[in-house]
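*Asks:*
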Amino acid sequence: MRTTERHRSEHIGWLRAAVLGANDGLISTASLVLGVAASGTSRSSVLIAGVAGLVAGSMSMAAGEYVSVSSQSDTERADLAMERRELAADREGEEAELAAIYVERGVDAALALQVSKQLMATDALAAHARDELGFSASTQARPLQAAMASAVSFACGAVAPVLLSAVVPHEYTSRAVTVCSIAFLAVLGAVAARVGGASMTRGALRVVLWGSLAMGVSTIVGRLFGAAL
Ligand SMILES: [Zn+2]
0 MRTTERHRSE
10 HIGWLRAAVL
20 GANDGLISTA
30 SLVLGVAASG
40 TSRSSVLIAG
50 VAGLVAGSMS
60 MAAGEYVSVS
70 SQSDTERADL
80 AMERRELAAD
90 REGEEAELAA
100 IYVERGVDAA
110 LALQVSKQLM
120 ATDALAAHAR
130 DELGFSASTQ
140 ARPLQAAMAS
150 AVSFACGAVA
160 PVLLSAVVPH
170 EYTSRAVTVC
180 SIAFLAVLGA
190 VAARVGGASM
200 TRGALRVVLW
210 GSLAMGVSTI
220 VGRLFGAAL
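In numbering that gives the first Met the number 0, the protein residues as written are 0 to 228.
Structure, rendered in structure tokens:
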């Protein structure tokens, strides 16, 4: 049934990351815009804060993702190099090691050794990378691609509150940003839940709750600072 069965986990990775990035961008930039607006500043100050938040957040997401994925791929490369050395130094030991892994998974000892030898005859390093280290094609890390994807998804979420604060009359900015952000968050939360095969209502509620909390706290802090300064 390989062709009809839809494996969620294969698609979840990037789509989940994209939705989470957009969530981040929306919550943090909407909160920033609301906080600055609550302090009673001009429209241009609110807009500048929103644009700066969009750019800073996107760059920070890209940097964080690049560093994290790069260090993961450094680790994978070091593991592969060690495996390559071991294969060159002790071929028989490595055959036995791979066979032991299959025995642990329930294969007969004799058959396990046969499988191990045959797989290693084709591509010994690939066999060890897959079955000993647990690497697969999908875990192959691409740092620059991951960094770009994070930045773009953050910016997609962040652009909504920035556009609203540019277009909506200043006195309605806070209301418009709050209402639209909650609506967008509900949609993003529902989409993320749907992709993951979970309840859409619960997914939407969870994101809306945290988003409202972030926007509420930012508004209160902005108002307090605006009154004090
Ligand atoms: Zn090995």
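C-beta: ideal position from N, C-alpha, C; glycine also.
At the level of alpha carbons, what is the spacing between G56 and S152?
*Replies:* Spanning the two alpha carbons is a distance of roughly 11 Å.
*Asks:* Please tell me whether, using a cut-off of 7 Å, the distance from the CB of E75 to the nearest non-hydrogen atom of ligand 1 is below it.
*Replies:* Not under cutoff, so the answer is no.
*Asks:* Taking L31 as the reference, which of A120, D89, G20 and L46 has the closest Cα?
*Replies:* Here the closest residue by C-alpha is L46.
*Asks:* Is the beta carbon of S217 less than 8 Å from the beta carbon of I181?
*Replies:* No. Outside cutoff.
*Asks:* Which residue comes first and which comes last in the alpha helix (DSSP H) that contains R141?
*Replies:* Looking at the DSSP string, R141 is not in any alpha helix (DSSP H), and its letter there is neither H nor E.
*Asks:* Heavy atom of ligand 1 less than 7 Å from the Cβ of E94, yes or no?
*Replies:* No - ligand 1 has no heavy atom lying nearer than 7 Å to the Cβ of E94.
*Asks:* Check whether the Cβ of E131 sits closer than 7 Å to any heavy atom of ligand 3, and report yes or no.
*Replies:* By its list of ligands, the structure shown excludes ligand 3, since it contains just ligand 1.
*Asks:* Quick one: what's got a C-beta closer than 8 Å to L19's C-beta in the same chain, skipping five residues either side?
*Replies:* Excluding residues within five positions, the ones whose Cβ falls inside 8 Å are S152 and A191.
*Asks:* I'd like to confirm something about E91: is its beta-carbon nearer than 7 Å to some heavy atom of ligand 1, or not?
*Replies:* False, no ligand heavy atom lies under 7 Å from that Cβ.
*Asks:* For A17, which residues in the same chain have their Cβ closer than 6 Å to its Cβ, ignoring the five residues on either side in sequence?
*Replies:* Excluding positions up to five away in sequence, the list reads S152.
*Asks:* Would you kindly check if the distance between the Cβ of V35 and the Cβ of M44 is under 8 Å?
*Replies:* The sequence as given places Ser at residue 44; Met does not occur at that position. Contact: yes.
*Asks:* Are there any heavy atoms of ligand 1 lying less than 7 Å away from the beta-carbon of E85, as far as the coordinates show?
*Replies:* At least one heavy atom of ligand 1 is nearer than 7 Å to the Cβ of E85, so yes.
*Asks:* Which of the three DSSP states, helix, strand or coil, is assigned to V167?
*Replies:* If DSSP states are grouped into helix, strand and coil, V167 belongs with coil.
*Asks:* For G202, name the three-state secondary structure that DSSP assigns.
*Replies:* DSSP places G202 in helix when its eight states are reduced to three.
*Asks:* Over the uninterrupted alpha helix (DSSP H) stretch that includes T177, give me the two end residues.
*Replies:* Its alpha helix (DSSP H) spans residues T172 to V194.
*Asks:* Hey, quick one: how far does the alpha helix (DSSP H) through V102 stretch, first residue to last?
*Replies:* Residues R90 to E103.
*Asks:* Could you compute how far the alpha carbon of P142 sits from the alpha carbon of Y101?
*Replies:* For P142 and Y101, the distance between alpha carbons rounds to 32 Å.
*Asks:* Quick check on the burial criterion: 16 or more other C-beta atoms within 10 angstroms. Buried or exposed for L223?
*Replies:* So L223 ends up on the exposed side.
*Asks:* Please check the pair A140 and S115, which I expect to be a contact at CB under 8 Å, by giving their CB distance rounded to whole angstroms.
*Replies:* About 27 Å; that fails the 8 Å criterion.
*Asks:* Contact between the stretch 56–69 and the stretch 144–151 is defined here as three or more beta-carbon pairs at a separation below 8 Å; is this criterion met?
*Replies:* Yes, since at least three Cβ pairs between the stretch 56–69 and the stretch 144–151 fall closer than 8 Å, the two stretches touch.
*Asks:* Would A185 and A203 be called neighbours here (beta carbons separated by less than 8 Å)?
*Replies:* Closer than 8 Å, so yes.
*Asks:* Between E82 and ligand 1, is the CB less than 7 Å from at least one heavy atom?
*Replies:* Indeed, a heavy atom of ligand 1 lies less than 7 Å from the Cβ.
*Asks:* Count the C-beta pairs between the stretch 85–95 and the stretch 119–138 that are closer than 8 Å, then say yes if the count reaches three, no if not.
*Replies:* Touching, yes, given that three or more Cβ pairs across the two stretches are closer than 8 Å.
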